[in-house]
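Visitor: Our numbering applies: residue 6 is where the sequence shown begins, and numbers increase by one.
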Amino acid sequence: MTVSAAHDDADALLPQIQVRLTEFTGALRRVADHVLADPAAAARATIVELAERSGTSPATVTRFCRALGFDGYADLRLGIAGETGRLARSAGWQVDIGREIQPTDPLERVLSQLMAADTLAMRDTAARIDLSAVERAADAIAAASRVDIYGASGSALVGEELQFSLHRIGIAAWAWTDIHNGLASAALLGPGDVALGISHSGQTRETIEMIAEAGSHGATTIALTSFPRSPLTDVADDLLLTATQATTFRPDALSARHPQLVVLDLLYIAVAQRTHERSHAAFQRTARAVEAHRIKEVAE
């Protein structure tokens, strides 16, 4: 599986640094933390200034640049400046993203914060997503004999949404959250089947085990995660990336839900496009099946 370089899209640079924080240690982590804390200041700083402010050295800053795929500090500054400029131009909702939500904040302020965070997360996800990977996943699901979807906790809820959507258009899909049932199902998959694992961190042991089991029997495996270098991506054939913006009382794992749903909605629509006639017929039949249970308007 190939992951594009972080700077292929300037809009994805800061989210890429954020999700790779766990890879950086010591001095490199201090540089990363400083850039994320005040990217606008980092974009204006010289390499010596950034080194001093982060308590490191110019050589460390250079290593940080190369770890992100840049030739040097000038390219990193341009990337940060381009992204911070984009955020400044689209101010409004986004101006308060860095502010923590306080217990005494009015709901109007909380709503503004949530909308700002989710809006930025959606845009960052759109910048990170590999559309060719979505197309490959849609091709595989459209042609699959069956589709298994694995996830735990919040990821399980997202997986069930995809399962329901696929089922409505006639795709044989199951969502598994129990490790025993999931492993048993994964063991019955084979070539021509698809297994999709959902985990924001990419480190959920149960999801990794189920994807690995499915892959060992020849099923096409897909990972949906915010971390391109994680144990889950190591056992998947393809990768669908999301981005998050955490807020107070709603850490990354919870903040990942809306970006995950956006990517899976995109995947679902791509599958429906590829199976249009079958999907349309199935959707009409399922709609008619439940029509009698809807309350009809009473004419006056």
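Backbone N, C-alpha and C fix where the C-beta goes; we use that ideal spot for every residue, glycine too.
1) For a test of your reading of the model: does the CB of A275 fall under 7 Å from any non-hydrogen atom of the ligand NAD? Yes or no.
2) Is S231 closer than 8 Å to T212 when the C-beta atoms are compared?
3) Nearest CA to the CA of A138: which residue from I176, E296, L269, S284?
4) Going by the DSSP bridge assignment, what does G202 pair with across the sheet?
5) For L246, which beta-bridge partners are listed by DSSP?
6) Specify whether the segment 193-200 and the segment 210-227 touch according to this definition: at least 3 beta carbon pairs, one from each stretch, less than 8 Å apart.
7) In terms of alpha-carbon separation, which member of A79, L33, R283 lies closest to A177?
8) Report the residue ranges of all alpha helix (DSSP H) runs contained in full by the segment 15-87; include only those spanning at least 4 residues, in chain order.
9) Of all the options V240, A121, S235, which has the alpha carbon lying nearest to the alpha carbon of T226?
10) Grab the span of the beta strand (DSSP E) containing A178 for me, first residue to last.
11) Is the beta carbon of A48 sitting closer than 8 Å to the one on I85?
12) In this structure, how does DSSP classify R299 when only helix, strand and coil are distinguished?
13) Check T212 in the structure and name its three-state DSSP category.
14) Rounded to a whole number of angstroms, what is the C-alpha to C-alpha distance between V100 and L271?
15) Can you list, in chain order, the residues of its chain with a C-beta nearer than 6 Å to that of S170? Leave out the 5 residues immediately preceding and following it.
Guide: Reading from the atomic positions:
1) Looking at this structure, you won't find the ligand NAD or any other ligand, since it has none at all.
2) no
3) Of the listed residues, the one whose Cα sits closest to A138 is L269.
4) Y155, A228
5) T230.
6) yes
7) Considering only alpha carbons, the answer is R283.
8) For the segment 15-87, whole alpha helix (DSSP H) runs of length 4 or above, ordered along the chain, are 18-24, 31-42, 44-49, 52-58, 63-72.
9) Out of V240, A121, S235, V240 has the C-alpha closest to the C-alpha of T226.
10) For A178, the enclosing beta strand (DSSP E) begins and ends at 178-181.
11) yes
12) Three-state DSSP puts R299 in coil, outside helix and strand.
13) helix
14) Low confidence applies here, because V100 scores a pLDDT of 44, under 50, leaving its location unreliable; read the following figure in that light. Using only the alpha carbons, I get a separation of about 28 Å.
15) Y273
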